[in-house]
DNA sequence: TGTTTATTTGAACATTTGTTCAAATATTTA
DNA sequence: TAAATATTTGAACAAATGTTCAAATAAACA
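Protein chains in written order, with the working numbering: chain A, 18 to 136; chain B, 18 to 136.
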């Protein structure tokens, strides 16, 4: 992680005060990983399309496949990841499974970036 | 992408109206990829720590390395990615390079999730 | 000018990730 | 009960990613 030898950064820290105060204001490790995980889940086109679609409508796997233009299997694999992290939920109706957003904050997060990008 | 053979989804679409209207409300392909790219950049612990730190303070590479607990080289590689996508900017002062957030919207986005996760 | 130091860069490498394909489940319907 | 259909799952595989190490730059200073 650190390299103390000659050609890279002789000293570990340039401004100790700033480093300490910055570090003190960072979220805890757990929360940082949790934030990164959430962003990572949104940071892949197939999954993001699924989320964007589910923000509009509750949809079954077959229709999510059509909307997102991915195979049913690929969509199902990605749905599992989103489900595991509680970003989406599902309900069964016969042999169909309907997915929807489980975390309202995600809607805000996605819509906020959407508006920023579209402007 | 699609599989029309027997064991998977006999029909391509279950609810045509819903699929069409959902698709109509999705952002354009370009914007979806741009959104995903932004989320992806935030979705990796090293980069997210860098961003969280820069939200607090302008910092040089050496200090970013200390705050984020990563090697200088690893940090520098990640800074390049963030720079390329205009999430951060830099200014040179002698042999030091100071980085800071270039996109105010990113602050909001990150802070919004931070508050949600910390609550 | 030559040395020191902060940063960048490229190659190598292991790890992670997303897709496909085939097969397994589960539910409905004939 | 058997056939059909929506979804899930696991293995395999290629592609993408993040880190390290060593070397290259670039600026300051002796």
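Cβ coordinates follow ideal geometry from the N, Cα and C atoms, glycine included. Computed from a prediction, not measured in an experiment: that's the story for all the values here.
For chain A, the residues of the stretch 32-44 of chain B that bring a beta carbon within less than 7 Å of one of its beta carbons are 32, 35, 36, 39, 40, 42, 43 and 44, in chain order. In terms of beta-carbon proximity, residue 119/A stays away from the interface with chain B, with every pair separated by 8 Å or more. For residue 108/A, DSSP records a beta bridge to 115/A. Between the alpha carbons of residue 135/A and residue 66/A lies a distance of about 15 Å.
Residue 84/A is a Cβ neighbour of residue 39/B, given a cutoff of 8 Å. Annotated three-state conformation of residue 76/A is strand, per DSSP.
The Cβ of residue 51/A sits closer than 8 Å to at least one Cβ of chain B. Secondary structure at residue 88/A: coil, using DSSP grouped into helix, strand and coil. Spanning the alpha carbons of residue 34/A and residue 115/A requires a straight line of approximately 52 Å.
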